[in-house]
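Below is one structure, written out as structure tokens; the observations come after it.
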Amino acid sequence: MQRTSTTAAIITAALLSLTGCGTGSGTGGGTATAEATPAAAQPSSSTPTPVKTFSNADLSGLLSTLRDDQGQPLTVVPAAQIDQGILRAKELLKTAVVSPETCKPLVDSNANVPDGSTYAGGTSISAADKTTIAVTVIALKDTKTMTQQLAASQAAAAPCKSFTIEVGGQKITTETTPVDAKSDGDASFAALTTQHLATGQAQTALTVTDVKGNLAVTAVKAGPAVTQTASAELIKLINTVLAHD
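Be aware that the sequence shown starts at 698, since it is given in the numbering used here, and climbs by one per residue.
Set out below in structure tokens:
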């Protein structure tokens, strides 16, 4: 049972871009040793104007100011825990089989933090409704990669309302519904995802991702009865972070 639950958490994280970091199963593929001072040199052609730079500590500081709708502050996830999750998820995704294969962008397009980026994650847990909120912020060196990932996920979401993932000896059936949830960023993607295990267990999560300037923010609420109405809470969290761009 423990193995099944862990696998489900990792796959959920893979779908939701670093969102499993709160439980030690975060995803991502950037260098897991992002330094305190981000690389701001060598601007790419996709970022012609100067952008703000953020260290890991800066991003952790932003997340520590957030509050969920119950007034609980987010707990910043230790960098080492995120890094371990990144490596774990990358290894699992190497052997993951997605069917149909055209739905693979929903699994791995968000599983890579662009090189040179800094990042941080934070979570809050509600015992009352058995939900977890996870917020991830990435300061991008090149915004083009992340916007392309969002576009790939958005394009795959509509035709991939149902698909399967086989990984770690488990088969998970995933149902995805695109959600209209726009925050203050320039490029966004939102979806409600429910995963069903062969054991009958199920997990539902709403994810909203937005990019503004060189900041990419993903907010997720996961639990047994999460619905699209949770988007208002997630958008508020995202907009608070994006205001610092």
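Using N, Cα and C, we set each Cβ at its ideal position, and we do this for glycine too.
- Cα atoms of V876 and L889: separation of roughly 7 Å, rounded to the nearest angstrom.
- Annotation for M843: L837, V908, A913 place their beta carbon closer than 6 Å to its own, counting only its chain and skipping 5 residues before and after.
- T890: member of the beta strand (DSSP E) spanning 884-894, first to last residue.
- Residue pairing by DSSP places T833 opposite G818, T915 in a beta bridge.
- The C-alpha of D755 lies about 37 Å from the C-alpha of I869.
- Assigned with DSSP and collapsed to three states, Q867 falls in strand.
- At least 7 Å separates the beta-carbon of Q892 from that of T915.
- When the Cα atoms are used, T750 and T772 turn out to be separated by approximately 23 Å.
- Short of 7 Å from the beta carbon of Q769, and not among the five residues preceding or following it, lie these beta carbons of its own chain, in chain order: S821.
- Rounded to whole angstroms, the Cβ separation of T874 and C857 is 10 Å, and the two are not in contact under 8 Å.
- Judged by DSSP secondary structure, D907 falls within the beta strand (DSSP E) whose first and last residues are 899-909.
- Assignment of V938 by DSSP, reduced to helix, strand and coil, places it in the helix class.
- A straight line joining the alpha-carbon of Q925 with that of A777 spans about 32 Å.
- Separation of E930 and D766 (C-alpha to C-alpha, rounded to the nearest whole angstrom) is 7 Å.
- Close CB contacts of S823 within its chain, under the 7 Å cut and outside five residues either way in sequence, are with Q767 (chain order).
- Taking 8 Å as the upper bound for CB-CB distance, G813 and T833 are not in contact here, some 17 Å apart.
- From the listed residues G882, A902, I783, K841, the smallest Cα separation to V938 is found for G882.
- In the structure shown, V774 adopts coil according to DSSP, grouped into three states.
- Per DSSP, the continuous alpha helix (DSSP H) segment holding S761 begins and ends at 753-761.
- Ranking S859, I779, L763 by CA distance to the CA of V795 puts S859 first.
- DSSP lists S859, T891 as the beta-bridge partner residues of E872.
- Taking 7 Å as the cut-off, the beta carbon of P802 is found closer than this to the beta carbon of S850.
- The continuous beta strand (DSSP E) containing S796 extends over residues 794-796.
- Closest in alpha carbon position to T792, among G782, Q781, V804, is V804.
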